[in-house]
Structures are given as C-alpha cells and as structure tokens.
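Asker: Residue numbers (our numbering), protein chains in the order written: chain A, 6 to 129; chain B, 6 to 129.
Number of protein chains: 2
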Amino acid sequence: MRPRHNTLTPQELEIMKLVWQRGTATVRDVYEALLERRKIAYTTVMTMMKILETKGYLKKRRQDRAFLYRPAHPKNQIIGGMIREFIDRVFNGSAEPLLVHLVKSRHLSEKDLQKIARMVKESE
Amino acid sequence: MRPRHNTLTPQELEIMKLVWQRGTATVRDVYEALLERRKIAYTTVMTMMKILETKGYLKKRRQDRAFLYRPAHPKNQIIGGMIREFIDRVFNGSAEPLLVHLVKSRHLSEKDLQKIARMVKESE
DNA sequence: CTTGACATACGAATTACTTAGTACTAGAAA
DNA sequence: TTTCTAGTACTAAGTAATTCGTATGTCAAG
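1. Within the region 67-110 of chain A, note down every full alpha helix (DSSP H) run reaching 4 residues or more, in order along the chain.
2. Three-state secondary structure (DSSP) at residue 38/A?
3. How close, in whole Å, do the beta carbons of residue 20/A and residue 57/A come, if the pair is a contact with beta carbons under 8 angstroms?
4. Applying the 10 Å Cβ sphere with the 16-neighbour rule, what's the burial state of residue 40/B?
5. Could you give the DSSP three-state label for residue 113/A: helix, strand or coil?
6. Measure the Cβ-Cβ separation of residue 66/B and residue 18/A and say whether it is below 9 angstroms.
7. Just to make sure I have the definition right: I need the residues of chain B whose C-beta is within less than 8 angstroms of the C-beta of residue 94/A. Which are they?
8. Answer with buried or exposed for residue 76/B, where buried requires no fewer than 16 other C-beta atoms within 10 angstroms of its C-beta.
9. Would you tell me roughly how many angstroms separate the C-alpha atoms of residue 22/A and residue 109/A, rounded to the nearest one?
10. DSSP on residue 61/B, reduced to helix/strand/coil?
11. Step through the CB atoms of chain B and report whether any lies within less than 9 angstroms of the CB of residue 146/A.
12. Who are the neighbours of residue 88/A on chain B, taking C-beta pairs under 9 angstroms?
13. Name the residue from 83/B, 11/B, 123/B, 96/B whose alpha carbon lies nearest to the alpha carbon of residue 87/A.
14. Quick one: using the 10 Å Cβ neighbour count with 16 as the cut-off for buried, is residue 52/A buried or exposed?
15. Are the beta-carbon atoms of residue 12/A and residue 90/A separated by less than 9 angstroms?
16. So, is the C-beta of residue 116/B closer than 9 angstroms to a C-beta in chain A?
17. Taking its Cβ as the centre, do 16 or more other Cβ atoms sit within 10 Å of residue 117/A, making it buried, or is it exposed?
Below you can see the structure in the form of structure tokens.
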C-alpha cells in the first residue's frame, strides 16, 4: 500500500524545515529557533515533535537526558509529496496549469525562466 | 490593507471549482455534481456555500425560491493566491525550487516542458 | 540531602473544518 | 384548503490542528 498522503500541516512543516536544516535537533534546538520568530511554549514544540514522530516524519533516540530527533525521510521526498497533493487538489493532478500560472503571474523571475529553459534543454 | 490569505480549504475549493465551471449555480446544482462522486447531504453543501459567501468567495441573489450563487472573484485570482500561499509556506516565497521539483520529479510531461519553452521564448 | 534546572508525560482547551439533522416557510398540486 | 415539495435558517456534533499547563523524574550543584 502507498505511504498515504505525505502532507504536513503548516506548523509541522515549519518544524520539519528546521530539523532538515540541522540534520538532527532536540526539542530545545527547535524551540529556540522558533522563538526568534514568534512566541511559543516549549511544551508546544515538544508536542508537535512527538506528533511528527508518531506520524513517522521524525525518529528519535536519547542523547543524555533529552531526545535527539532526526528526519525519517529526505526532504525532497516529503516536499515532493506535498507538491503532488497540491497539484491533485488544486489542478486535478495536472502540473501544466500550475506552470502556466507561475509563468504568467510573475512568480518566476527572469533568472528562473532562464534556468527552466536550460533544464528543458538538458532533458532533451 | 491586503486581502489576506486568499486560501480555500479543500472542500471549499471543490465547490468553487464547480461554480467557476458553471458561471452560476444553485445549492442543488452543486449538490448533484458532488453526489456523483461521494455521499454528501444537501444541507452540508448549503452550509459550505453560505460560508463561502460570508468569506467573500461567492455572491448570491434570489432566483425563484432558491439562491443563485456566482463567484465573487475570477478563478485565476483565487488560484493564484493559493499558489502564492503554497510557495510562501513550503518554499519561503521563492518559486524557483518548486520549478526544480516539478522538472526533476516528472510531474511534467515532455509536452509540458515544450510548452514552457515556448512561453519562455514568448516572454522574451 | 535538598534544591534548581531541564527534560518528558499526560491531559485539556481552543479554534477551524466538515458534516448533517431539525424546524420552519412558501409555492405547487391535489 | 390541505398536503407535498423544495428551499432556507439554525443548531450541533465530530475530528483535526494547535497551543500550553501541570505533574513528574533525573541529574548536578550546593
């Protein structure tokens, strides 16, 4: 059976980004990183990371007295799943209209467009 | 002030797609379209469409005894907002990594790639 | 040994999303 | 007129997401 939806809620994603960035992280590491941007309680972060573990996004082992968490899957895989889910939900599974939007609505810089052009060439 | 988040929940989006498709629609129209895909109650659809109206996504006027709903904003604008929100949330606002994912992970067909190439050319 | 710092475990409250039931109303049909 | 039908209004309940408080345990410093 398929691994299901591979989709992270906004706060879960925020935490996963930090753990991916660091490779491994304790609750305190993540807590302090989040604190720089917004008010949040230590136990909130702990709860979220526990949830991420039960959902299979994080693995943990003891390091001294605290748990050391690390990603259970590579970032690319999880982000890819989120893109897939987004495309399914918003564009009924077809990526092409997303592209059209990106190009038309200036989400892409000139530099981005050139980069795509190169990638397209390379894929030929 | 900014129009805020311009983001639709999954079920809201499902309904908006149907209304955009039709131009205008009654609760019954949407209800019957949804029924073809899954079990759902008439009043559920009504509630959702009322929510969409209070959130400013739909406008309504009476037609005979029922309300006739129509989109308050063009599809492109709302979908564009959802793309923006996704890119902000997942890629910290930069569309380029999304592109890289799309190209690398075969979300895009060969035909899509050619279409991009044309669009890039045209935008020069 | 006692205390303080720091960690986890557990439980719970709040809000948003989704679903749907019940009551009521007005027009159509008998 | 009475009854049936199709609609709206209102209410509520379940689930998921997010937040955090309290209780508890352990290690180290005094």
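Note that the Cβ used here is the ideal one computed from N, Cα and C, for glycine as well.
Since the structure is predicted, the reported quantities are computational estimates derived from the model, not experimental observations.
Answerer: Let me lay it out:
1. 80-96, 101-109
2. Counted from its first residue, the first sequence places residue 38/A at position 33. In this structure, residue 38/A counts as helix in the three-state DSSP scheme.
3. As a first step, residue 20/A must be located in the first sequence, where it is residue number 15. As a first step, residue 57/A must be located in the first sequence, where it is residue number 52. Yes, residue 20/A and residue 57/A are in contact; Cβ-Cβ is about 7 angstroms, under 8 angstroms.
4. Counted from its first residue, the second sequence places residue 40/B at position 35. Result: exposed.
5. Working through the first sequence from its first residue, we reach residue 113/A at position 108. Correct three-state label for residue 113/A: coil.
6. For the purposes of this step, residue 66/B is taken as the residue at position 61 of the second sequence. For the purposes of this step, residue 18/A is taken as the residue at position 13 of the first sequence. No.
7. As a working mapping, residue 94/A is identified with position 89 in the first sequence. In chain order: 15, 18.
8. As a working note, residue 76/B is residue 71 in the second sequence. Residue 76/B should be labelled buried.
9. In the first sequence, the residue the question calls residue 22/A occupies position 17. In the first sequence, the residue the question calls residue 109/A occupies position 104. For residue 22/A and residue 109/A, the distance between alpha carbons rounds to 29 angstroms.
10. Working through the second sequence from its first residue, we reach residue 61/B at position 56. Residue 61/B: coil per DSSP, three-state reduction.
11. Limits of chain A in this structure are 6 at one end and 129 at the other, which puts residue 146/A out of reach.
12. In the first sequence, counting from the first residue as 1, residue 88/A sits at position 83. Under the 9 angstroms cutoff, chain B gives 91, 95, 103, 106, 107, 110, 112.
13. Translated into the one-based positions of the first sequence, residue 87/A becomes position 82. Comparing Cα-Cα distances from residue 87/A to each of 83/B, 11/B, 123/B, 96/B, the minimum goes to 96/B.
14. Stepping through the first sequence from its first residue, residue 52/A is reached at position 47. Exposed, by the Cβ-count rule.
15. Looking up residue 12/A in the first sequence gives position 7. Looking up residue 90/A in the first sequence gives position 85. Cβ distance < 9 angstroms, so residue 12/A and residue 90/A count as in contact.
16. Position 111 of the second sequence, counted from the start, is the residue given in the question as residue 116/B. Chain A contact via Cβ: present.
17. Position 112 of the first sequence, counted from the start, is the residue given in the question as residue 117/A. Flag for residue 117/A reads buried.
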